Amino acid sequence: MRRYSAFAVAREATRYHQGWARAWRSPEPKKKYDVIIVGAGGHGLATAFYLGRNFGITNVAILEKGWLGGGNTGRNTTIIRSNYLQDPSAAIYEKSRSLYETMSQDLNYNVMYSPRGVLMLAQTEAEVRGYKRTAHANALQGVDTEFVSPERVKQLVPIISLDGPRYPVLGGLWQARAGTGRHDAVAWGYARACSDMGMDIIQQCEVTGIRQDGGKVVGVDTTKGAIDCDKLGVVVAGHSGVLAEMAGFRLPIESVALQALVSEPIKPCMDIVVMANTVHGYMSQSDKGEMVIGGGADGYNNYTQRGSFHHIEETVRALVETFPMISRLKMLRQWGGIVDMTGDRSPILSKTPVENVFFNCGWGTGGFKATPGSGWGFAELVAKGYSPLCEAFGLDRFREGRFVDESVAAGVAH
Ligand SMILES: Cc1cc2nc3c(=O)[nH]c(=O)nc-3n(C[C@H](O)[C@H](O)[C@H](O)COP(=O)(O)OP(=O)(O)OC[C@H]3O[C@@H](n4cnc5c(N)ncnc54)[C@H](O)[C@@H]3O)c2cc1C
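To convert, take the position in the sequence shown, counting from 1, and add 146; that gives my numbering.
So this is what it looks like as structure tokens:
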């Protein structure tokens, strides 16, 4: 694979960009692979990448029923942060955030990581206490966050109204090294690197069955025929329950629609990400100038990949309260994705009742930020059968009551 560089861009500019090679191959499936990953979202592709990079396992196929990155990976609002409360969460999200810092160089692909800072507003006394507690926990975990005053909030985001009609701003949890990244580029960068290692990314190939022999996986049935494998990693977000049913067990997961919207582009007015969890809305400004807006998930299970109208209204109302100036903006687009929610709002990175079948899911409304860390840990789990990063996120925690409760950090969509 030829490396991307400033020189290559200049060279191609002189010949109408005719010389670029395809970023990844589109091969037909082989009969057998050492590892099959189901789902070519960011997490599936990152898993494959670290299987190759960290463990030398490259006889890998990544099977995708649609197009790569077309699931939640291409539908999220790209917020990256690691200010979680519990130690196992801080470990995996901070690992992830640190991998984002060098991802463009590691993948030779510009993922536009922008550590512009994320501010979570405290608008009730309970939130003030909760975020102060998180800041203390983060200090012990080596995650750099601080609780800031309303005056500092106004300095960081001048367009905010501190005296909202219902909830005044009482402070905020500020993580200066958090930010955003280009979601498609994360998927495309991993895909290009995986293909370059000889892995097969097979799009338009839906897994329809999981074949077993004596309680052990032997392969999958797909819309492109049967494919054998020694190990199977299932990384399908909102469709995890469907795949678990194929394997013959149930997951403690609910699939619900989560949606986002963007405004018309305007001049730069906000250079950080702001989340207002009490009124339930969050916002950042894209490089194109659009305000990127998200809110809460639908309150009922579905697989529709589009959101409901009342959520748009509630989210915009919440943000107009916090940023009155956006009341004059026109909204351009709205879309949805199906997110996979666990009861404790923490992911599942786990072995399963079927030998050599592993599941990576349950990232709910906030898994984009975890993409590289999740891939790093899950690859280790698939390759070695154990990963310190994944240890607390096994399925057995639901049976044993060892929840990793992140309802404060992940209670709002992001
Ligand atoms: C509107 C919205 C906003 C969000 N905002 C943020 C945010 O700001 N920050 C953040 O950290 N997270 C956010 N998230 C969550 C984040 O997008 C997800 O947690 C993350 O992208 C999940 O990645 P994934 O690779 O696990 O899943 P996906 O990207 O959904 O990939 C799973 C893939 O599996 C494929 N698949 C499913 N079934 C099969 C099958 N049978 N055979 C083959 N392939 C199959 C799907 O087609 C899909 O491509 C948001 C989500 C949404 C919907």
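In this text, a Cβ means the ideal position worked out from N, Cα and C, and glycines have one as well. Note that the structure is predicted; figures quoted are calculated from it, not measured.
Taking the Cβ of residue 498 as the reference point, every heavy atom of ligand 1 lies at 7 Å or farther away.
Annotation: residue 510 to residue 474 spans about 32 Å, alpha carbon to alpha carbon. Between the C-alpha atoms of residue 225 and residue 426 there is a straight-line separation of about 15 Å. Residue 374 places its beta carbon 8 Å or farther from that of residue 207. Measuring C-alpha to C-alpha distances from residue 456 to each of 441, 486, 449 and 450 identifies 441 as the nearest. If you compare the alpha carbons of 172, 545 and 515 with that of residue 236, the shortest gap goes to 515. Setting aside the 5 residues that flank it on each side, residue 352 is surrounded in the same chain by 211, 368 and 369, each with a C-beta closer than 7 Å to its C-beta; the list follows chain order. For residue 362, the beta-bridge partners assigned by DSSP are 359 and 501. The beta carbon of residue 522 sits closer than 6 Å to the beta carbons of 196 from its chain, once the five residues preceding and following it are set aside; these are given in chain order. For the set 327, 272 and 287, the Cα lying nearest the Cα of residue 229 is the one of 287. Taken through DSSP and simplified to helix, strand or coil, residue 543 comes out as helix. At a cut-off of 7 Å, the beta-carbon of residue 448 does not count as near ligand 1: no heavy atom of the ligand is closer than that.
In this structure, residue 236 has its CB at a distance of at least 7 Å from all heavy atoms of ligand 1. Distance from the CA of residue 174 to the CA of residue 349, rounded to the nearest whole angstrom, comes to 10 Å. The Cβ atoms of residue 495 and residue 539 lie closer than 8 Å to each other. Rounded to whole angstroms, the gap between the alpha carbons of residue 464 and residue 437 is 14 Å. Taking C-alpha positions only, residue 387 is separated from residue 397 by approximately 6 Å. Under the 10 Å beta carbon count, residue 506 is surrounded by 16 or more other beta carbons and is classified as buried.
When Cβ pairs closer than 8 Å are counted between the two stretches, the stretch 277 to 297 is seen not to touch the stretch 405 to 415, the count staying below three. For residue 330, the enclosing alpha helix (DSSP H) stretches over residues 329 to 342. Beta-bridge partners assigned by DSSP to residue 481: 406. Using a Cβ-Cβ distance cut-off of 8 Å, the stretch 484 to 500 and the stretch 441 to 451 are in contact, since at least three pairs of beta carbons, one from each stretch, lie closer than that value. In terms of Cα proximity to residue 418, the closest of 306, 394 and 213 is 306. When secondary structure is reduced to three states using DSSP, residue 354 falls in the strand class. By the Cβ criterion, the stretch 236 to 246 is not in contact with the stretch 333 to 345, since fewer than three pairs of Cβ atoms, one from each stretch, lie closer than 8 Å. Taking residue 249 as reference, the option from 519, 545 and 537 with the minimal CA-CA separation is 519. Taking the Cα positions, residue 372 is about 31 Å away from residue 167. Going by C-alpha positions, residue 389 is about 8 Å away from residue 355.
Boundaries of the beta strand (DSSP E) harbouring residue 447: 437 to 447, taken from the DSSP string.
Under DSSP, residue 398 forms no beta bridge with any residue. When DSSP assignments are scanned along the stretch 279 to 334, the uninterrupted stretches of alpha helix (DSSP H) that are 4 or more residues long and fall wholly within it turn out to be 296 to 302. Sequence-distant Cβ neighbours of residue 344 in its own chain, meaning closer than 7 Å and more than five residues away, are 204. Residue pairing by DSSP puts residue 487 in a beta bridge opposite 400.
Put simply, the backbone Cα of residue 217 is about 30 Å away from that of residue 289. Where residue 241 is concerned, the enclosing alpha helix (DSSP H) starts and stops at 233 to 247. Scanning 541, 527, 325 and 532 for the CA closest to the CA of residue 194 turns up 527.
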